[in-house]
Structure formats: C-alpha cells, structure tokens
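Here's the structure we're looking at; comments come further down.
There are 2 protein chains.
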Amino acid sequence: MNIKYGMQDTHIALAHGNGGRFMRELIEEVFARHLCNPLLNVQTDAACVPWTAGELLLSTDGFTVQPLEFPGGNIGSLAVHGTVNDLAVAGAVPRYLTLNAFIEEGLEIKQLERIVQSLAEAAQAVGVVVVAGDTKVVRRGEGGGLYLATTGVGVKCAQATLGLAQIQVGDKLLVSGSVGDHGIAVMLAREQFGLRGDLASDSASVLPLAQAIWHLPGVRFMRDPTRGGLATVAHEIAQATGWGIRLNQPAIPIRDPVLSVCEILGYDPLFLACEGRIVAVVAAAQAKAALVAWQALPQGQAAAIVGEVLNTHEQVSLVTALGGERLLEELEEDPLPRIC
Amino acid sequence: MNIKYGMQDTHIALAHGNGGRFMRELIEEVFARHLCNPLLNVQTDAACVPWTAGELLLSTDGFTVQPLEFPGGNIGSLAVHGTVNDLAVAGAVPRYLTLNAFIEEGLEIKQLERIVQSLAEAAQAVGVVVVAGDTKVVRRGEGGGLYLATTGVGVKCAQATLGLAQIQVGDKLLVSGSVGDHGIAVMLAREQFGLRGDLASDSASVLPLAQAIWHLPGVRFMRDPTRGGLATVAHEIAQATGWGIRLNQPAIPIRDPVLSVCEILGYDPLFLACEGRIVAVVAAAQAKAALVAWQALPQGQAAAIVGEVLNTHEQVSLVTALGGERLLEELEEDPLPRIC
C-alpha cells in the first residue's frame, strides 16, 4: 500500500483531524477500507440500522491500554471484545458498534492500520458491524498513542431476568476460565520488569459462553471481570446484595505462569483484569448444569465453581488451600493502570 | 458537598479509574448524581431501553476541545449538542446517549462536576437521557484534561429521504445562522492572542431547526458544519455530486465581531466550526419556504440562502461582494486544532 496523506505520509499529523482532505483520506483509506459493510457510510452523520422487534440493549466502553499491542490482541480487538462482552453478560446478542478513535499526532499509520484491521476481524468473528465512527487527532504527547471508545447495540435474547437483584443466599459463583491472564500479559508486554513469558491475554468474545447458560434455570447474574478482576466482581455482588461472598482459593483456575509472575512481583491475580471470562451467579441446584455447559465449550474447559453467597454481612472472604479464611478488601490503589 | 475520594479528594487520581472503590464513588457521586434517570443503572453492564417501532439511527462523536470551558458552553454541553445535531440533520429525534469519559489524572473534580452538570442540563433540555457510560483515567499529561465520546440513538422521523444522493443541479444552499462563532469563541478562550470579545460559541441543539424543515418538500440534505465549517460542507457536497458549488459571500451571515477577529488574525470564517447551525440543500422552488420556516424560529433569524449547486465540474467557488469569483480550496492545514 502506498497512500500519500500529504504533510507526513507515514505518521499521523494534526491535519488528519481537521475535517478536511487529510482527514477524509485517512477515514476512507484506513477505517472505511477495513470496516466496510453495507450499513457504514462515511458520508453520513448517522447510520440507519434495521430494527424489527425486541428489547434494545446499549453498552459503552473506553480503552486506553498500554502498550497498544500485546500478546493475544491489541486495543482494536480488545475494544470489540470489551463491548460485545458487556452486552453478552446482559443477555443480549450484539448487532452494531460505533467507534471513536482519539489518535495522537505522530502515531505510525501502519500501526493504526494493524489495529483497525484487528478490530474489523474481531467484529466480523463476533457478527457485529461498525455502523458509525468518528476520529479526533490530539497533539503529540497528549493521547497515549490511541484511545478508543465503542458503543454496542444488542438485542435482548436471554428470557430470564438477569441482575444483581436476582441473587439469593446459597447461590454459587462460577468463573468460565482462568483469571489474570490479560493483566499479566499486558504488564509483561510493557517490558518494564525484564520478565518474559509465553503468556497471552484472554481477550475474546464471551458470547458463546453467555449463550450456553442464559437459557438455563437458576442463572441469576453474569459479569465479565475486567478492571479489578474476580475479587472486584465479588465486591460488587456483596455491596449490591448486602450479603457475604466466600471465594474458595484452591478452586479458582489460575494458569501456572500467571501465578509465578504474580508471586515474583507481588500481584494478587484475583484483582487482575480478564477480558474473555464470565463470572456467573447460579442457584446451587443448577450450578453443576451451568458448569457442564461451559466445560463443553473450548473456551470453558477450565470453568469452575469458585465461591458462594453467604447469609453473613456484606464482605468478601477467601478460603485458602490450608483452610484458613481471610478478608479480601475492596481495591483502592491501582495495581496496573491502563490495562484496558 | 464534601465527598472524600480518598488519596486525593479534590483532584482525579489514577485510582479513580481502576474499577475499585474510588472509581465507584466517583461514578456514583459525580456522574450518576447529575445524570440520574430511570434507565441509567450504574450497576449494570448494559442499559435496556424501550424501542417500539421506527428506524433506528446511530451516531457517534469524540470531543477534545481546549479549553474545556469556553464562553457559551463547555465540553459537556458540546458533546450533547454535537451528537444530537448529527442525528437531527439525519432526520431523527434523539432519544438515548451513551457517554465515555477519558479523564486525566490531576483534573480538578469540581471542574469535572461542572462539566457533567452542564452535560446533564443540555441532555435534559433536548429530551435525551444518558443510559450508559464508562470512565477511564489516564496518566497526568496524557489526556488533555478530559476527552468525551458520545453515541446517540435516535428514531427516524423525517419522511423524506435525506442524503447527498438527493441533491440536484439548481438546488440552493441555506445556512440557519451566522458562521464561525464557535471557532472564534474557543480560540479567544485560549487567550493566546491577548484578544477578548463578547463572543460566545453557538453550541446548541439544532433539532428545532431540523424539525422545522424536514417535512417540507424539496429538502434534499442537511448537515451541521462543525470541523472545517461551511466551506468544508460545500466541498463534501461537490465531491459527492461531482458538481460545482457557488457560495455568495455577501449573503453569508457572519457576526461583526467574528469578522473583525478573523481579519486581524487571518482566519477565513467559512472554514471555522459552528456547533449550532445547519447547512441545508433545498430545491430552488422550495428554498424560500425553508428559509421562512427557519427565520420564524429564534435560533433561525439570521438564516440565509448562501449558495447554489451548478452544472459545472466538481469545485467550490465564492462570489465576493465586488462581484469577483474565486475558488475555495479544500482545507489542508488545520487552522484551529482541538475545536470540538
């Protein structure tokens, strides 16, 4: 490819954001080329999408991950998965995405293209189309390379009412796979610790996992444990219900290399972000059925029942391998900024 | 108000973005408090909104204006108007908004509150509700204070098909009010020129203006002339149709103080952003009716017929007060970065 953007032909310039010729060319050649679909028209202010019936679900997310590319994904695929996953855990099939890009002056256009291409591939794999977008260019030093914001529109499919209000004492907490992979993979990609591993982010769509259980009786609530990880979801449940959550440490799936890095650096994997997992709360009698449904999927083989809702006052505790029990405090200091 | 965010209680800290307690408190106390509505639930991943019938329109926009507050508005009200206006010119009544905030570490929380409050007031005035949101905190120096991204969902109301493809030779170009006000107001607010005026941004919802003409016969196309201004909309029309656009300089409404500042500093007001105007293309026979409809509204009193579509090859020209005609080139260098 040999596109001339004028002024600077390999890196983003402020003029790529001014509404004029360079912006038009950047949008046409980088964004529209990869994201093209019948509903995306770069000449219109708004996209008109078909909508027959059913409840409309909306979700939105911002992405500031550093570095922009990491083992297992990049900010583009992450943006798709993050927004799709918020809709999936709410019981919706994602249909449409809108995309905002805040691009820093000086970003290499080849890198931007790789990211947009990855975003387009992730969207296609999930079956969503990007129907509207906007780009802004900010001055060198002010934008961390690239920030993305995506909004997803989905159609409600789960028949059950899912929500924190459905949770009851005695319910079980399930997690669909190992925790902490995304957080550790991004941290290692920063190279600031001189550590290297074969670790990759778990960034992926959780839609198949959500669909596998959302029709089952007894499924009360689902959430994707991103910022703050599994422990933070447990705290959200405790705060919303006023009950206690007890997590069972030996049952929580954590990959050995993640555990090793956490031990060396002093991170608690329960607080690290996942980007392709679900935490579900399921009635005790149906928890096994939900677990079996997850384990039948390639991405759910490590799924486990990891905790339960107790009739105690609002708190989150962890039972250790040795049988001890300690409180897990709510996250305050940020262990890993810019993780998603 | 005396909220303790911990760590730093007057300015944003990185921990306000980590998914933990400080983030929850910031969202509850600053965002949810001002934006509260029955559809906004900060405990859910996705908002479920009612949708009965009609075509769904989606639009999205990013905002990076500097300074964050300026005469006539701030980045919060601007974000609402920008997204609402994209829907309005597409013939839709806006219903729902999603909001992304990229907040820079160190931003004064009082300033963030003023902006969110202004955003909430603008949304209420227009009749849209913010149903989903997300916040990210980026390191000091990396975020320009605050970037916002909003996505709007609207229901198509205009019965006519509006679009660049509807434009015909002989059609007239109308503008709903004076041009350049937003661009000049923001530039003066930067104080870098030592100039001061009573200028204010025109930032406002154009929904009443759009509704006043979208049912009229002969209305082909509407656009809000933001980045790149009136001249850039003329170029978009020329490129899409392959025809020439001739603008009539004496007819273009420009306020005297805007003209004065432009003359002193060498800006062309035709390329400066408006944030509360519409450019419409209307069949010649119905142009007067559309003009009358606009002039009957408080925000349309300065509306004018400012140009026409010619059967010449693709170009934009300007007829001056002295009767001369010169070409208006497409914008390349950015006259005023970070204007919206």
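Those protein sequence lines, which keep their order, are chains A and B. According to my numbering, the first sequence is numbered sequentially starting from 832. According to my numbering, the second sequence is numbered sequentially starting from 832. Even glycine gets a Cβ: it sits at the ideal position worked out from N, Cα and C. Only a predicted model underlies this, so the values are computations on that prediction, with no experimental measurement involved.
Could you tell me the distance, in whole angstroms, from the CA atom of LEU1158(A) to the CA atom of GLU939(A)? Start at 1 with the first residue of the first sequence, and residue 1158(A) comes out as number 327. Start at 1 with the first residue of the first sequence, and residue 939(A) comes out as number 108. Straight-line Cα distance between these residues: approximately 46 angstroms.
Show which residues of chain A have a CB atom less than 8 angstroms away from the CB atom of GLU973(B). Locating residue 973(B) in the second sequence gives position 142, counting from the first residue. Contact of GLU973(B) with chain A by beta-carbon distance below 8 angstroms involves GLY972, GLU973, GLY974, GLY975.
Short of 8 angstroms Cβ to Cβ, which residues in the region 1154-1165 of chain B face chain A? Answer in chain order: GLU1161, LEU1162, GLU1163, GLU1164, ASP1165.
Between GLU1160(A) and VAL1092(B), what straight-line distance do the alpha-carbon atoms span, to the nearest angstrom? Sequence index remark: in the first sequence, residue 1160(A) carries index 329 (1-based). Sequence index remark: in the second sequence, residue 1092(B) carries index 261 (1-based). Near 57 angstroms, if we compare the C-alpha coordinates of VAL1092(B) and GLU1160(A).
Can you find a C-beta in chain B that's less than 8 angstroms from the C-beta of TRP1074(A)? The sequence position of residue 1074(A) within the first sequence is 243, counting from 1. False, the Cβ-Cβ gap to chain B never drops below 8 angstroms.
The region 927-955 of chain A: which residues have C-beta closer than 8 angstroms to a C-beta of chain B, in chain order? TYR927, THR929, LEU930, ASN931, ALA932, PHE933
Using the Cβ count rule (16 or more neighbours within 10 Å means buried), how would you classify ALA1127(B)? To locate residue 1127(B), count along the second sequence from 1; it is residue 296. Flag for ALA1127(B) reads exposed.
Note the first and the last residue of the continuous beta strand (DSSP E) segment covering VAL1079(B). Walking along the second sequence from the start, residue 1079(B) turns up at place 248. Val is not the amino acid found at residue 1079(B); the sequence shown has Asn there. Segment 1074-1079, the beta strand (DSSP E) holding ASN1079(B).
Min CB distance SER890(A) to chain B below 8 angstroms: For the purposes of this step, residue 890(A) is identified with residue 59 of the first sequence, where counting begins at 1. Cβ-Cβ to chain B under 8 angstroms: yes for SER890(A).
Beta carbon proximity, LYS835(B) to chain A, threshold 8 angstroms: Locating residue 835(B) in the second sequence gives position 4, where the first residue counts as 1. In this prediction, LYS835(B) scores a pLDDT of 46, lower than 50, which makes its location untrustworthy; no coordinate-derived value is stated.
I'd like to know if THR841(B) contacts chain A, where contact means its C-beta is closer than 8 angstroms to some C-beta of that chain. Sequence index remark: in the second sequence, residue 841(B) carries index 10 (1-based). For THR841(B), the answer is no, since every Cβ of chain A falls outside 8 angstroms of its Cβ.
For the region 1075-1102 of chain B, list every residue whose C-beta sits within 7 angstroms of some C-beta in chain A, in sequence order. none
Answer with buried or exposed for ASN905(A), where buried requires no fewer than 16 other C-beta atoms within 10 angstroms of its C-beta. The sequence position of residue 905(A) within the first sequence is 74, counting from 1. Buried is the call here.
Give, in chain order, every unbroken run of the alpha helix (DSSP H) that is at least 4 residues long and sits entirely within the region 996-1045 of chain B. 1012-1020, 1038-1044
Beta-ladder partner(s) of GLY964(B), from DSSP: One-based indexing of the second sequence puts residue 964(B) at position 133. Answer by DSSP bridge pairing, in chain order: LEU930(B).
Please tell me whether LEU1061(A) and ALA878(B) are closer than 8 angstroms, where the distance is taken between their beta carbons. As a position in the first sequence, residue 1061(A) is number 230, starting the count at 1. As a position in the second sequence, residue 878(B) is number 47, starting the count at 1. No. Outside cutoff.
Quick one: give me the first and last residue of the beta strand (DSSP E) that ALA1093(A) is part of. For the purposes of this step, residue 1093(A) is identified with residue 262 of the first sequence, where counting begins at 1. Looking at the sequence shown, residue 1093(A) is not Ala but Cys. Counting along the chain, CYS1093(A) falls outside any beta strand (DSSP E), though it belongs to the alpha helix (DSSP H) covering 1087-1096.
Which full runs of the alpha helix (DSSP H) of 4+ residues lie inside the region 866-925 of chain A, going along the chain? 906-920
Residues bridged to LEU977(A) [DSSP beta-bridge criterion]: The residue you call residue 977(A) lines up with position 146 of the first sequence. BP columns for LEU977(A) point to ILE934(A).
Would you say GLN874(B) lies against chain E (beta-carbon separation less than 8 angstroms)? The structure shown contains no chain E; its protein chains are A and B.
Neighbour flag for VAL959(B) against chain A, beta carbons, 8 angstroms: Reading the second sequence from its first residue, position 128 is the one you call residue 959(B). By this cut-off, VAL959(B) is not an interface position.
Run down chain A in chain order and give the residues with a C-beta less than 8 angstroms from the C-beta of PHE853(B). The count along the second sequence starts at 1 and reaches residue 853(B) at position 22. Those are GLU1163, listed as they occur along chain A.
8 angstroms Cβ cutoff met for SER1036(A) and HIS912(A): Residue 1036(A) sits at position 205 when you count from the first residue of the first sequence. Residue 912(A) sits at position 81 when you count from the first residue of the first sequence. It is a contact, given that the beta carbons lie within the stated cut-off.
So, does the region 998-1014 of chain A touch the region 1099-1116 of chain A, judging by three or more C-beta pairs under 8 angstroms? yes
For LYS835(B), collect the residues of the same chain with a Cβ closer than 6 angstroms to its Cβ; drop the 5 residues on either side in sequence, then sort them by chain order. In the second sequence, residue 835(B) corresponds to position 4, counting from 1. Here the model assigns LYS835(B) a pLDDT of 46, short of 50, so the residue's position is not dependable, and the following value carries that caveat. Same-chain partners within the cutoff: there are none.
Using a Cβ-Cβ cut-off of less than 7 angstroms, list which residues of the region 885-912 of chain B approach chain A; keep chain order. GLU886, LEU887, LEU888, LEU889, SER890, THR891, ASP892, GLY893, THR895
Would you mind sorting GLU973(A) into buried or exposed? The rule is 16 or more other CB atoms within 10 Å of its CB. Locating residue 973(A) in the first sequence gives position 142, counting from the first residue. Its Cβ being crowded by 16 or more others within 10 Å, GLU973(A) is buried.
For ASP1185(A), decide whether its Cβ has a neighbour in chain B, counting only Cβ atoms nearer than 8 angstroms. Lying before the first or after the last residue shown, residue 1185(A) is absent from chain A, which here runs from 832 to 1171.
Neighbour flag for TRP1199(A) against chain B, beta carbons, 8 angstroms: Residue 1199(A) lies beyond the stretch modelled for chain A, which goes from 832 to 1171, so this question has no answer here.
For ARG1058(A), report the span of its beta strand (DSSP E) as first-last. Translated into positions along the first sequence, residue 1058(A) becomes position 227. Where ARG1058(A) is concerned, there is no enclosing beta strand (DSSP E), given that its DSSP letter is neither H nor E.
So what's GLN1146(A) in DSSP terms, helix, strand or just coil? Translated into the one-based positions of the first sequence, residue 1146(A) becomes position 315. Here GLN1146(A) sits in strand by DSSP.
Answer yes if the region 893-903 of chain A comes into contact with the region 892-899 of chain B, meaning at least three C-beta pairs across the two stretches below 8 angstroms, and no otherwise. no
Boundaries of the beta strand (DSSP E) in which PHE1111(A) is found, first to last residue: As a first step, residue 1111(A) must be located in the first sequence, where it is residue number 280. Per the sequence shown, residue 1111(A) should be read as Ala rather than Phe. Looking at the DSSP string, the run of the beta strand (DSSP E) that includes ALA1111(A) is 1110-1113.
Residue(s) in a DSSP beta bridge with LEU1158(A): Walking along the first sequence from the start, residue 1158(A) turns up at place 327. The partner list for LEU1158(A) (beta bridge, DSSP) reads SER1148(A).
Relative to the C-alpha of ALA919(A), which residue among ALA1041(A), ALA1082(A), GLN1080(A) is closest? By one-based count along the first sequence, residue 919(A) stands at place 88. A check of alpha carbon separations from ALA919(A) across ALA1041(A), ALA1082(A), GLN1080(A) identifies ALA1041(A) as the nearest.
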